[in-house]
């Protein structure tokens, strides 16, 4: 087991994790981060809510309400879809691995 501390995203100044919900993670394939992947956030009924493009290090972040969400990743090297439950305000980690 690695002794490194858990990593969290660098958030903009003024973000209050007592009141805001942040879903974040890294898109990867074969252990390497995937830049320029499209990550979509879908609500509990499957409706499109938001989309971001991953950073050079494969990172993505959404500000959302607590609840059930689906993350869908589209990239030339693969795709993946994953359910996420953000139980309350704070950080919810959801790393995604392309197939």
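Numbering (the UniProt record's numbering), first residue to last: 1 to 99. Cβ atoms here follow ideal geometry from the backbone N, Cα and C, with glycine treated the same way.
Quiz item: Helix, strand or coil: how does DSSP classify residue 78 here?
Solution: Strand, per DSSP.
Quiz item: In angstroms, rounded to a whole number, what distance separates the CA positions of residue 50 and residue 42?
Solution: Using only the alpha carbons, I get a separation of about 7 Å.
Quiz item: Is there contact here, the region 12 to 19 with the region 51 to 60, by at least three beta-carbon pairs under 8 Å?
Solution: Here the region 12 to 19 does not lie against the region 51 to 60, with fewer than 3 beta-carbon pairs under 8 Å apart.
Exercise. Rank 29, 24 and 69 by C-alpha distance to the C-alpha of residue 82 and give the top, closest one.
Key: Nearest neighbour of residue 82 by Cα position, chosen from 29, 24 and 69, turns out to be 69.
Quiz prompt | Of the residues 89, 64, 33 and 32, the one placed nearest residue 40, counting alpha carbons only | solution = Cα-wise, what sits closest to residue 40 is 64.
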